[in-house]
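Asker:
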Amino acid sequence: MPTITEKENTVLSVRGLKKSFGGQAILDDISVDLKQGEVVLLRGENGSGKTTLVNILTGNLEPDKGEIHLNFNGNKELFSWPRHWWKALNPFDHFTPERLVWEGVGRVWQDIRLFPTMSTLENVMVFAPGLRGENPVLALISNCAKKENRQNKKISSEWLGKLGLGDRLDSSCDKIPLGQMKRVAIARARPQKPWILLFPSSSFGMCLHRKLQLLFSIRSGNG
Amino acid sequence: MILQLLVNGIITGSLISIMAIGFGIIYSTTNFFHIAYGSVYVVAAYIMHTFLSWHFPFIISLAMSLFFAVVIGVLIELLVYKPLHKKRAPQGIYLISSLGVYILMINITALIFGNETKLLSYGIEKSIHFGDVILTKIQIAQCVTFILLSILSLFFMHYTRIGKTIQAMGCNARLLEFCGVNLQKLRFIIFAIGSFFAGVASILTGLDVGIDPYMGMIPLLNAVTAVILGGIKRIEGIIAGAFFIGITQNLVIGYLSGRWESVVTFSMLILFFLYQSGGIIKVKKRAEEL
Chain A
0 MPTITEKENT VLSVRGLKKS FGGQAILDDI SVDLKQGEVV LLRGENGSGK
50 TTLVNILTGN LEPDKGEIHL NFNGNKELFS WPRHWWKALN PFDHFTPERL
100 VWEGVGRVWQ DIRLFPTMST LENVMVFAPG LRGENPVLAL ISNCAKKENR
150 QNKKISSEWL GKLGLGDRLD SSCDKIPLGQ MKRVAIARAR PQKPWILLFP
200 SSSFGMCLHR KLQLLFSIRS GNG
Chain B
0 MILQLLVNGI ITGSLISIMA IGFGIIYSTT NFFHIAYGSV YVVAAYIMHT
50 FLSWHFPFII SLAMSLFFAV VIGVLIELLV YKPLHKKRAP QGIYLISSLG
100 VYILMINITA LIFGNETKLL SYGIEKSIHF GDVILTKIQI AQCVTFILLS
150 ILSLFFMHYT RIGKTIQAMG CNARLLEFCG VNLQKLRFII FAIGSFFAGV
200 ASILTGLDVG IDPYMGMIPL LNAVTAVILG GIKRIEGIIA GAFFIGITQN
250 LVIGYLSGRW ESVVTFSMLI LFFLYQSGGI IKVKKRAEEL
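In the order they appear, the protein sequences are chains A and B.
As numbered in numbering that gives the first Met the number 0, the first sequence has no gaps in its residue numbers, which increase by one up to the final residue, 222.
As numbered in numbering that gives the first Met the number 0, the second sequence has no gaps in its residue numbers, which increase by one up to the final residue, 289.
Given below as structure tokens:
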């Protein structure tokens with residue numbers, strides 16, 4: 000298995016990734032390099048393992064073998080498999096979706112996954128990690144937590160506005176059309192300020208105008 | 000008489016509301032019946048009794064009781080539910096384990112403190128007359144505490160970051176992990192909040208009618224009924240459900256008999272299950288999700 004050599008501007012390096020389900024290899028010796036500012040398209044037949052790869056890169060699945068190296072803003076992190084038993088004992092070194100969000104990996108789903116009884120704005124606001132208001136005591140008494148919450152609301156509203164949902168901020172997510180649900184799902188990736196954003200077939204079901212708008216937003220750095 | 004019964008119903012509804020809000024927050028996010036909630040209710044009252052018997056001031060005994068209620072709630076999550084959650088155990092396993100914890104804790108409490116009823120406050124409560132309606136000081140305290148806690152919980156759930164995160168967990172806990180939220184930490188917070196409410200309800204009841212080790216099951220069943228009647232997803236619904244039960248129970252006691260109180264409550268539960276399963280305040284879903 001080739002080892003990772005550090006290159007300038009490389010934010011994600013994957014080497015020798017292997018994943019099997021029930022003895023059938025879905026991914027075998029996969030290597031990927033992603034550089035800062037790059038927009039990369041991953042194509043493949045149905046069942047070729049695209050979603051499995053995305054699931055691994057977002058911490059939803061653990062590979063059987065391989066290495067994942069993240070390098071965001073000088074903050075380097077290396078995950079390797081098979082994992083040694085002592086690493087499983089360390090509560091701060093788990094390969095989980097939550098950890099990868101904190102590291103800077105964002106994701107949009109192929110299917111729509113919203114919090115249905117919440118408004119579009121609340122759906123986007125919930126996706127901003129690490130705010131002081133996550134502490135129940137600070138949420139009630141801290142002015143900083145309230146200020147952060149207002150700031151988060153402003154950013155989330157602006158981003159929803161950019162995706163054409165400015166007049167739908169208070170609409171409940173179970174009552175808006177499917178195309179708008181899709182856009183809310185995409186807008187949620189923004190407050191996380193991810194270094195890498197993975198879009199598995201996310202624009203499926205959107206009109207051409209919205210698809211182009213989305214692509215330009217991502218390319219121009221607004222995404 | 001009707002006015003007195005209605006006021007009694009409001010007071011009963013206040014106590015059921017406090018218990019049900021805590022239970023509802025846990026149930027709406029974890030999706031299982033936390034029966035051991037009834038044992039947190041009992042133990043909180045006994046801790047209060049212990050501190051009072053050691054001649055600690057009332058306010059310190061109250062604070063310690065609520066603190067230990069929170070600690071016990073979090074310990075139940077840590078030692079029982081967390082391992083089950085890790086193993087992705089089905090709901091039935093949670094229910095049986097929770098029932099086991101309830102029985103264990105009730106029996107330990109009975110073993111240590113005995114089965115007889117104990118009092119948290121001695122002497123005869125002075126009654127206050129409002130026209131034809133008679134109230135005691137503790138009943139007024141129960142209503143005032145309910146008003147304060149319900150305002151606080153509504154503000155907490157609707158206007159704070161953590162409240163929104165808890166609501167989101169009720170919708171889709173798995174998705175919340177991808178928001179960067181530590182689900183386990185959030186579960187601890189939820190159990191702490193729920194147990195705090197159980198502690199408050201327990202002490203308010205204990206100050207009024209005394210405590211015994213088996214006092215937890217009826218308030219727990221009333222809370223469960225209020226949550227199902229009112230609608231799981233909204234605190235406003237839970238409060239409405241609790242008042243509906245409280246007033247109905249008191250009208251039944253006044254006009255029929257105390258024996259029919261539980262019969263009417265649980266008959267309503269069955270009717271709601273059959274004809275209004277989403278509760279009084281229903282959260283509608285799109286056809287795709289049904």
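From the three backbone atoms N, C-alpha and C, an ideal C-beta is built for every residue, glycine too.
The structure displayed is predicted, hence computed values, not measured ones.
Threshold first: 3 residues or longer. Then list the beta strand (DSSP E) segments lying entirely within the segment 86-129 of chain A, N to C.
Answerer: DSSP runs (the beta strand (DSSP E)) wholly in the segment 86-129 of chain A: 104-106.
Asker: Output yes if chain B places a C-beta closer than 8 Å to the C-beta of residue 72 of chain A; else output no.
Answerer: Not one chain B Cβ lies under 8 Å of residue 72 of chain A.
Asker: Between the segment 174-186 of chain B and the segment 15-24 of chain B, are three or more C-beta pairs nearer than 8 Å?
Answerer: No, because fewer than three Cβ pairs between the segment 174-186 of chain B and the segment 15-24 of chain B fall closer than 8 Å, the two stretches do not touch.
Asker: Which of helix, strand or coil does DSSP assign to residue 190 of chain B?
Answerer: Helix.
Asker: Between residue 4 of chain B and chain A, is there a C-beta pair that is closer than 8 Å?
Answerer: Taking Cβ atoms only, chain A never reaches closer than 8 Å to residue 4 of chain B, which makes this a no.
Asker: For chain B, check one thing: does any of its Cβ atoms lie closer than 8 Å to the Cβ of residue 121 of chain A?
Answerer: Chain B, which has a Cβ nearer than 8 Å to the Cβ of residue 121 of chain A, makes this yes.
Asker: Any idea what DSSP makes of residue 166 of chain A, helix, strand or coil?
Answerer: Reduced to three states, the DSSP call for residue 166 of chain A is helix.
Asker: Please state the DSSP three-state secondary structure of residue 17 of chain B.
Answerer: Correct three-state label for residue 17 of chain B: helix.
Asker: Could you give the C-beta distance for residue 108 of chain B and residue 42 of chain B, rounded to a whole number, given that I count them as a contact under 8 Å?
Answerer: Contact holds; Cβ gap of about 6 Å.
Asker: So which residues of chain A does residue 144 of chain B contact, with C-beta pairs closer than 7 Å?
Answerer: Result: empty, since nearest Cβ-Cβ is about 17 Å, beyond 7 Å.
Asker: Mind checking whether residue 111 of chain A and residue 180 of chain A have CB atoms under 8 Å apart?
Answerer: Closer than 8 Å, so yes.
Asker: 8 Å is my cut-off, CB to CB: does residue 184 of chain A come that close to chain B?
Answerer: By this cut-off, residue 184 of chain A is not an interface position.
Asker: Quick one: is residue 33 of chain B buried, meaning 16 or more other Cβ sit within 10 Å of its Cβ, or exposed?
Answerer: Buried, by the Cβ-count rule.
Asker: How about residue 292 of chain B and residue 268 of chain B: are their beta carbons less than 8 Å apart?
Answerer: Here chain B covers residues 0 to 289 and nothing more, so residue 292 of chain B does not appear.
Asker: Helix, strand or coil, according to DSSP, for residue 233 of chain A in the structure here?
Answerer: Only positions 0 to 222 of chain A appear in this structure, which leaves residue 233 of chain A out of reach.
Asker: Quick one: is residue 146 of chain A buried, meaning 16 or more other Cβ sit within 10 Å of its Cβ, or exposed?
Answerer: Answer is exposed; the Cβ neighbour count stays below 16.
Asker: Check for me: the beta strand (DSSP E) holding residue 75 of chain A runs from which residue to which?
Answerer: That run of the beta strand (DSSP E) goes 74-80.
Asker: For residue 164 of chain A, collect the residues of the same chain with a Cβ closer than 8 Å to its Cβ; drop the 5 residues on either side in sequence, then sort them by chain order.
Answerer: Here the set comprises 119, 179, 182, 183 and 186.
Asker: Could one say the Cβ of residue 181 of chain B lies closer than 8 Å to chain A's Cβ atoms, at least one of them?
Answerer: Yes, residue 181 of chain B counts as interfacial toward chain A.
Asker: Relative to the alpha-carbon of residue 98 of chain B, which residue among B/249, B/211 and B/35 has its alpha-carbon at the smallest distance?
Answerer: Considering only alpha carbons, the answer is B/35.
Asker: If you follow the beta strand (DSSP E) that residue 174 of chain A is part of, which residue opens it and which one closes it?
Answerer: From DSSP, residue 174 of chain A is part of no beta strand (DSSP E); its letter is neither H nor E.
Asker: Quick one: what does DSSP say residue 207 of chain B is sitting in, helix, strand or coil?
Answerer: Three-state result, residue 207 of chain B: helix.
Asker: For residue 178 of chain A, return the contacting residues in chain B, with the cut-off set at a CB-CB distance below 7 Å.
Answerer: By Cβ distance, chain B contributes nothing, its closest Cβ being about 13 Å from residue 178 of chain A, past 7 Å.
Asker: Using a Cβ-Cβ cutoff of less than 7 Å, which residues in the same chain neighbour residue 19 of chain A once the five nearest sequence positions on both sides are dropped?
Answerer: Taken in chain order, the residues that qualify are 25 and 63.
Asker: Please report the straight-line C-alpha distance between residue 194 of chain A and residue 128 of chain A, rounded to a whole angstrom.
Answerer: Approximately 14 Å between the Cα atoms of the pair.
Asker: Out of B/137, B/29 and B/64, which has the shortest C-alpha to C-alpha gap to residue 90 of chain B?
Answerer: Answer by Cα proximity: B/29.
Asker: Would you mind listing the alpha helix (DSSP H) stretches within the segment 98-186 of chain B that are 4+ residues and don't spill past its ends, in chain order?
Answerer: Listed in chain order, the complete alpha helix (DSSP H) runs (minimum 4 residues) inside the segment 98-186 of chain B are 136-158, 160-170 and 172-176.
Asker: Is it true that the CB of residue 76 of chain A sits closer than 8 Å to the CB of residue 69 of chain A?
Answerer: Taking 8 Å as the Cβ cut-off, residue 69 of chain A and residue 76 of chain A qualify as a contacting pair.
Asker: Mind reading off the beta-carbon distance from residue 185 of chain B to residue 164 of chain B? Whole number of angstroms is fine, and I expect it under 8 Å.
Answerer: Rounded, the Cβ-Cβ distance is 7 Å, consistent with contact.
Asker: For residue 132 of chain A, return the contacting residues in chain B, with the cut-off set at a CB-CB distance below 7 Å.
Answerer: Going along chain B in sequence order, the residues near residue 132 of chain A (Cβ under 7 Å) are 159, 160 and 161.
Asker: Do we get a CB-CB distance below 8 Å when we pair residue 235 of chain B with the residues of chain A?
Answerer: No, its Cβ sits nowhere closer than 8 Å to a Cβ of chain A.
Asker: Tell me the start and end of each unbroken alpha helix (DSSP H) in the segment 198-259 of chain B that is at least 4 residues and wholly inside, in chain order.
Answerer: Counting whole runs of 4 or more residues, the segment 198-259 of chain B contains the alpha helix (DSSP H) stretches 216-229 and 234-254.
Asker: Please list, in chain order, the residues of the segment 118-147 of chain B that have any C-beta partner in chain A closer than 9 Å.
Answerer: Residues: none.
Asker: By alpha-carbon positions, which one of B/208, B/194 and B/207 ends up nearest to residue 66 of chain B?
Answerer: The shortest C-alpha separation from residue 66 of chain B is found at B/194.
Asker: Candidates A/71, A/55, A/166 and A/98: which alpha carbon is nearest residue 80 of chain A's?
Answerer: Nearest option by C-alpha distance: A/55.
Asker: Under the rule that 16 or more other beta-carbon atoms within 10 Å means buried, what is residue 47 of chain A, buried or exposed?
Answerer: The residue in question, residue 47 of chain A, is exposed, as its Cβ has fewer than 16 Cβ neighbours within 10 Å.
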